[in-house]
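Report on the structure given below.
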Amino acid sequence: MSKDISSRVLAISESATLAVDAKAKALKAAGRPVIGFGAGEPDFPTPSHIVEAAQKAA
1030 MSKDISSRVL AISESATLAV DAKAKALKAA GRPVIGFGAG EPDFPTPSHI VEAAQKAA
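Residue numbers for the sequence shown, in the working numbering: 1030 to 1087.
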């Protein structure tokens, strides 16, 4: 079964965040020291005042 992809879908550009993350991973894999500022999880807990504000806003 063959599916055609819409030209509008093909025109969607790559996510800048994901592009930076991919570049950082490639550099790291090549042995370069990298501080990644792309997608990911922080290595520290969310400060309690931010958690409380988010809970109040929800």
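Quick reminder that beta carbons are idealized off the backbone N, C-alpha and C, glycines included.
Which residue wins for smallest C-alpha separation from residue i, given the options the options?
i, options, result
"T1046", "G1069, K1057, P1062 and A1083", "G1069"
"F1066", "K1054, E1081, G1060 and A1040", "K1054"
So residue i and residue j are supposed to be a Cβ contact under 8 angstroms. How far apart are they, rounded?
i, j, result
"V1063", "K1057", "5 angstroms"
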